[in-house]
Each structure stands twice: as C-alpha cells, then as structure tokens.
Amino acid sequence: MQELCAEPLCDDSTMAPNDPVKEMYDLTRHAFACFGMNTTLPKELGPMLGAAGFANVQCELRKVPIGTWARDSTLRVIGLYQKEAVLLAMPALATRPFRALGLSEAQSQMTLAMAREGMNNPNVHRYFPYYFWFAQKPETGW
0 MQELCAEPLC
10 DDSTMAPNDP
20 VKEMYDLTRH
30 AFACFGMNTT
40 LPKELGPMLG
50 AAGFANVQCE
60 LRKVPIGTWA
70 RDSTLRVIGL
80 YQKEAVLLAM
90 PALATRPFRA
100 LGLSEAQSQM
110 TLAMAREGMN
120 NPNVHRYFPY
130 YFWFAQKPET
140 GW
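Have a look at this one:
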C-alpha cells in the first residue's frame, strides 16, 4: 500500500514516508472502507450541508497534534489526550478491521507495536485534521 494518506498526518519533514503510525492509519482507512465507512468524510461535509438547505456554510480546519510536540502548552495537553485516545483505540483495530484486510494476528500485532513505538517519538510532528462546520438554517422551508 504505497498510496499517500487521504488525510495529512504531518506537514513538515519530520515524518518519514514509511512512518509506522501513517501505515497504521492507512490500513485503518482501508479497513473501514471494507465496511462502507469513510474516515475522510468530515472534510466533504460542505456540499452535503448545502444540499440539505443550509446557508453560509463555513469550515474551520484545526490541526490537532498527536503527542506533546506542539510549542503551545494547551496544544501539548490536547496532543497528549489525542495520543492516549489513539493508543486506547489501537487494540480494536487488530480485530475485525484488520482481519477484513486479510492481515494475520501476527501482522496486526506487529503493525500496532510499531505504531505504538512510533507514537513515542516526540520529534515527529503528527496531527489529525479536525473539521468544524458552521452553517445557518434558512429562514423559510424548515
């Protein structure tokens, strides 16, 4: 699986192309797609909100750090929580999602172990893009 992440995890040169966290994220995205789920849907909500009749649709993109690498003290705390949330969710990936891709138990556990190790490197500036959508309902028709 050599394609790039559908979502950026890093926008500086601190993350290698074969980063184990990125590889786990790519596997997760593909695994969820096997079940009809789209992990990149949040960035595509604008046209859907417009089609549903909302007006003045706006999006605010925030980069939420994964880990404590951010300079800002508040973002460091948020990054710590984000990292913990990812670490807590990782064991669930080794079950049905990774099995849907045909990964063996050993392959799944190795992928997760390498990603856990990678998450402990504070020199890699990983983040998740969070999309915050704002819109107004029309004055008529609701």
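Last residue of the sequence shown: 141 (numbering that gives the first Met the number 0), numbering continuous.
Built from N, CA and C at the ideal position, the CB exists for glycine as well.
Treat the numbers as computed from the prediction; the structure is a model and nothing was measured.
Burial state of residue i, where buried means 16 or more other Cβ atoms lie within 10 Å
i, result
"residue 10", "exposed"
"residue 28", "buried"
"residue 50", "exposed"
"residue 40", "exposed"
"residue 136", "exposed"
"residue 114", "buried"
Span of the beta strand (DSSP E) around residue i
i, result
"residue 97", "Here residue 97 belongs to no beta strand (DSSP E); instead the alpha helix (DSSP H) covers 95-99."
CB-CB length for residue i against residue j, believed under 8 Å
i, j, result
"residue 93", "residue 107", "4 Å"
"residue 65", "residue 82", "5 Å"
"residue 100", "residue 30", "5 Å"
"residue 97", "residue 8", "Wrong, their Cβ atoms sit about 19 Å apart, outside the cutoff."
Whole-angstrom distance between residue j and residue i, CA atom to CA atom
i, j, result
"residue 15", "residue 34", "29 Å"
"residue 134", "residue 20", "34 Å"
"residue 152", "residue 129", "Lying outside 0 to 141, the shown extent of the chain, residue 152 is not represented and no answer is given."
"residue 90", "residue 23", "12 Å"
"residue 85", "residue 46", "29 Å"
"residue 132", "residue 78", "21 Å"
"residue 58", "residue 17", "31 Å"
"residue 44", "residue 36", "14 Å"
"residue 104", "residue 95", "11 Å"
"residue 116", "residue 63", "20 Å"
"residue 61", "residue 38", "16 Å"
"residue 74", "residue 32", "30 Å"
"residue 119", "residue 109", "16 Å"
Extent of the continuous alpha helix (DSSP H) run through residue i
i, result
"residue 58", "Per DSSP, residue 58 belongs to no alpha helix (DSSP H); it is in the beta strand (DSSP E), 54-64."
"residue 90", "72-92"
"residue 134", "Taken as a continuous stretch (DSSP letters only), residue 134 belongs to no alpha helix (DSSP H), being part of the beta strand (DSSP E) at 126-135."
"residue 20", "19-33"
The ligand GTP heavy atom lying under 7 Å from the CB of residue i
i, result
"residue 29", "The ligand GTP is absent from the structure shown, which contains no ligand whatsoever."
Open item on the list: Assess contact between the region 69-76 and the region 133-140, defined as three or more Cβ pairs (one per stretch) separated by less than 8 Å. Is contact present?
Closed with: Proximity of the region 69-76 to the region 133-140 falls short of the contact definition, fewer than three beta-carbon pairs being nearer than 8 Å.
Open item on the list: Counting beta carbon pairs with one atom in the region 43-57 and one in the region 113-128, are three or more of them shorter than 8 Å?
Closed with: Flag = no, the region 113-128 and the region 43-57 do not touch.
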